[in-house]
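Here's the structure we're looking at; comments come further down.
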Amino acid sequence: MEPRETEQDVVLRALTPVVDGIAATFGPVCEVVLHDYRRPERSVVAVAGSVTGRTVGGAMSEIGMRVLARGDDAVDELNYVTRTGAGRLVKSSTMVLRDSTGAVFGALCVNVDVTEVDRVQGLLAALAGAAGGRAEAPVTTFGDDIDSVVDALLDDRLRRQGQTWAGLDRSRRLTLFRSLDERGVFAVRRAIEQVAARLGISRASAYSYLSQARATNETGADGPPGTGSAGTDDNPEGAHP
Numbered sequence: 080m081e082p083r084e085t086e087q088d089v090v091l092r093a094l095t096p097v098v099d100g101i102a103a104t105f106g107p108v109c110e111v112v113l114h115d116y117r118r119p120e121r122s123v124v125a126v127a128g129s130v131t132g133r134t135v136g137g138a139m140s141e142i143g144m145r146v147l148a149r150g151d152d153a154v155d156e157l158n159y160v161t162r163t164g165a166g167r168l169v170k171s172s173t174m175v176l177r178d179s180t181g182a183v184f185g186a187l188c189v190n191v192d193v194t195e196v197d198r199v200q201g202l203l204a205a206l207a208g209a210a211g212g213r214a215e216a217p218v219t220t221f222g223d224d225i226d227s228v229v230d231a232l233l234d235d236r237l238r239r240q241g242q243t244w245a246g247l248d249r250s251r252r253l254t255l256f257r258s259l260d261e262r263g264v265f266a267v268r269r270a271i272e273q274v275a276a277r278l279g280i281s282r283a284s285a286y287s288y289l290s291q292a293r294a295t296n297e298t299g300a301d302g303p304p305g306t307g308s309a310g311t312d313d314n315p316e317g318a319h320p
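In my numbering, each number is its position in the sequence shown, counted from 1, plus 79.
Spelled out as structure tokens, the structure:
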């Protein structure tokens with residue numbers, strides 16, 4: 080085992096009892112999750128409480144993918160609000176873990192279910208005549224299955240672009256792959272095959288789109304239309320959203 084791996088494992092072991100301590104302090108509305116980003120498909124190494132339904136050996140969420148995509152440039156994301164697929168409103172903080180070299184290798188996440196607090200706050204505001212429009216919290220996919228997280232991100236990106244894959248032109252297809260890449264999807268093992276299958280294209284075409292998306296992201300401009308093997312797959316059979 081390399082020295083860095085040893086150090087990272089020691090940090091994770093040291094934080095495991097902290098997970099239980101934080102959850103016990105805040106009670107049943109609190110969930111604490113410890114992640115090892117060296118294995119994104121089963122990143123959960125310790126969990127206490129049950130807000131998002133995470134279990135040990137489960138996968139990271141799309142928030143974790145976003146942190147993973149930023150690599151060592153990742154920063155803590157504190158006190159943000161999101162909503163689970165079941166509609167629970169959750170206030171969360173994601174604190175990245177670094178070793179002595181500054182390398183990001185995991186995260187300690189605290190999730191607090193504030194659904195009832197939000198409901199009571201709304202009732203009090205209505206009674207006071209001060210009810211106003213509250214910004215809608217984004218829905219985040221939490222789950223132990225990494226495939227469901229990747230599927231949710233893909234569906235969200237297509238929905239935002241207002242098209243099925245077959246309806247996207249080359250520029251928008253590259254934008255889709257660039258967006259997924261920026262969210263850490265392709266850091267997950269077998270994600271490229273999963274995305275290709277969902278879009279109804281070959282794995283080779285998916286790799287080509289990803290390569291071109293990364294290249295255009297670096298140069299800031301698309302190449303000539305139809306360049307690369309992606310140009311041969313504009314109307315794949317069986318494409319679906």
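Idealized CB from N, CA, C, for every residue including glycine.
All figures in this text were calculated on a predicted structure; none of them were measured in a lab.
Which residue comes first and which comes last in the beta strand (DSSP E) that contains residue i?
i      : result
MET139 : No beta strand (DSSP E) contains MET139, which DSSP labels as neither H nor E.
PHE76  : This structure cannot settle anything about residue 76, because the visible part of the chain is limited to 80 through 320.
Can you say whether residue i is buried or exposed, counting buried as having 16 or more other CB atoms within 10 angstroms of its CB?
i      : result
VAL146 : buried
ARG249 : buried
GLU195 : exposed
ASN158 : exposed
THR104 : exposed
ARG117 : exposed
PRO119 : buried
GLY181 : exposed
ARG277 : buried
ARG282 : exposed
VAL154 : exposed
ARG269 : exposed
LEU202 : exposed
ALA127 : buried
LEU237 : buried
ALA93  : exposed
Quick one: Cα of residue i to Cα of residue j, how far?
i      : j      : result
VAL267 : ARG198 : 37 Å
ARG257 : ALA285 : 12 Å
LEU187 : SER179 : 17 Å
ASP192 : ARG162 : 9 Å
LEU91  : GLY166 : 31 Å
GLN242 : ASP224 : 26 Å
PHE184 : GLY208 : 48 Å
ARG149 : ASP260 : 10 Å
VAL97  : THR85  : 19 Å
Could you tell me which residues DSSP pairs with residue i in its beta bridges?
i      : result
ARG177 : VAL183
THR161 : VAL169
ASP115 : GLY185
GLU110 : ASN190
Please identify the residue among the options whose C-alpha is closest to the C-alpha of residue i.
i      : options                        : result
MET144 : ALA245, ALA275, GLY263         : GLY263
ARG121 : GLY100, LEU187, GLY136         : GLY136
CYS109 : VAL89, THR131, ASP230, LEU278  : THR131
LEU233 : ILE271, GLY201, ASP152         : ILE271
ALA231 : MET139, THR85, VAL124          : MET139
LEU176 : GLY279, ARG133, ILE280, LEU113 : LEU113
SER290 : GLY279, THR254, ARG269         : THR254
THR173 : THR295, LEU247, ASP115, GLU86  : ASP115
LEU247 : VAL126, GLN87, VAL89, TYR288   : TYR288
Since residue i is in the alpha helix (DSSP H), which residue starts that stretch and which ends it?
i      : result
ALA125 : Per DSSP, ALA125 belongs to no alpha helix (DSSP H); it is in the beta strand (DSSP E), 123-127.
ALA270 : 270-278
VAL229 : 225-240
SER250 : 249-261
Under the criterion of a Cβ to heavy atom distance below 7 Å, does residue i qualify as lining the ligand NAP?
i      : result
ARG268 : Annotation note on the ligand NAP: not contained in the displayed structure, which lists no ligands.
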